[in-house]
Amino acid sequence: MANPYLYGYKLPINKYSANPFLAQKFPQLSSFAQQPYITDPNQEIPSSGNIFYHGPTNKLAALTFDDVPDSLFAPILLEILARYDVKATFFALGKCAHQNSSMVGQIVQKGHIIGNHTYDHLDITKISAEQVREQILRTEEEIYQIAGVRTALFRPPFGFFNDTTMQEIIAMGYKIIMWNIDSYDWMGLTGPAITSRVIVNIKPGAIVLMHNACDGSIEAGTGTVQSLPFIIETLKSAGYVFASIPTMLGIPAYK
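For the sequence shown, the working numbering begins at 1 and goes up steadily by one.
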């Protein structure tokens with residue numbers, strides 16, 4: 001029997017509703033956006049008091065960035081977010097926080113939320129419980145030493161977890177933050193393609209998965225920063241308000 005907690009909610013798209021903004025600026029995207037097997041935002045993935053795939057059904061959207069921080073694209077992301085007065089949630093890898101500690105400090109100082117994404121980006125379903133704790137606690141301590149906060153938010157690498165790891169993570173005082181819209185920026189898509197992936201699948205309460213380039217490719221980071229202004233402008237024009245994960249879900253950011 002398939003594990004219900006593994007990230008695998010990729011369902012065929014039944015229809016494509018063109019966004020006027022994108023249709024005008026990127027007419028070539030309609031065929032790409034109709035490709036099957038992308039995350040279906042209409043699939044109601046259940047959230048609980050400790051695991052969240054989406055927020056409430058009002059016009060809030062949360063931008064989340066995994067694999068932070070790097071030294072090249074993270075400053076650009078922060079600049080774009082500041083320009084539009086948007087607060088986001090960043091899930092840090094401990095090794096990247098160690099390498100780029102000043103960026104961790106800037107993320108927190110600018111009013112964004114920092115979360116835990118393990119130290120080495122390992123599949124936590126394939127390591128021991130002791131190793132899982134070590135990966136999480138080492139990152140927690142790294143963030144605390146840099147920014148003086150102990151995050152209460154955790155996102156598992158690849159979105160993979162099982163009953164055992166879930167119970168371990170919750171026992172450590174964390175909420176597990178998943179997503180219901182995958183931008184697929186990690187595939188190295190162009191800015192317009194990433195924009196399309198997000199906009200045509202948006203729904204109230206969306207948690208959008210994006211990435212920084214600390215543990216990825218330059219191509220992935222480039223597409224993300226190219227897409228971000230268009231995503232923000234389009235959703236704001238459609239009446240969406242951006243919120244951090246704690247604000248959207250009404251949960252504490254830090255322990």
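Every residue gets a Cβ at the ideal spot worked out from N, C-alpha and C, and that includes glycine.
Original post:
For S183, which of V200, K59 and V108 has the nearest alpha-carbon?
Top reply: Cα-wise, what sits closest to S183 is V200.
**OP:** Starting from the N-terminal side, write out each stretch of the beta strand (DSSP E) that is 3 residues or longer and does not extend beyond the region 48-114.
**Re:** 60-68 and 89-92
Original post:
Helix, strand or coil: how does DSSP classify A147 here?
Top reply: helix
Subject >> Candidates M178, P252 and I114, of which the one nearest G94 by Cα >> reply: I114
Original post:
According to DSSP, is V225 helix, strand or coil?
Top reply: helix
Subject >> Length of the line joining the Cα atoms of E141 and N100 >> reply: 15 Å
Original post:
How long is the line joining the alpha carbons of I127 and A61, rounded to whole angstroms?
Top reply: 33 Å
**OP:** Would you check if the distance between the CB atom of I169 and the CB atom of F158 is smaller than 8 Å?
**Re:** Cβ distance not < 8 Å, so I169 and F158 don't count as in contact.
Original post:
DSSP on M166, reduced to helix/strand/coil?
Top reply: Helix.
Subject >> For V198, three-class secondary structure by DSSP >> reply: helix
Original post:
Are the beta-carbon atoms belonging to M210 and G55 less than 8 Å from one another?
Top reply: Judged by their CB atoms, M210 and G55 are not nearer to each other than the 8 Å cut-off.
Subject >> Counterpart residues of L249 in DSSP-defined beta bridges >> reply: Bridge partners of L249: none, in fact.
Subject >> Residues of its chain near F91, where Cβ-Cβ distance is below 6 Å and the 5 sequence neighbours each way are ignored >> reply: D66, G115, H117 and R155
Subject >> Proximity of K59 and P204 at Cβ, strictly below 8 Å >> reply: Their beta carbons are under 8 Å apart, which means K59 touches P204 by this criterion.
Original post:
G173 and K255: beta carbons closer than 8 Å?
Top reply: yes
Subject >> Secondary structure of K255, DSSP reduced to three states >> reply: coil
Original post:
If you draw a straight line from the alpha carbon of V241 to that of K87, how long is it in whole angstroms?
Top reply: 10 Å
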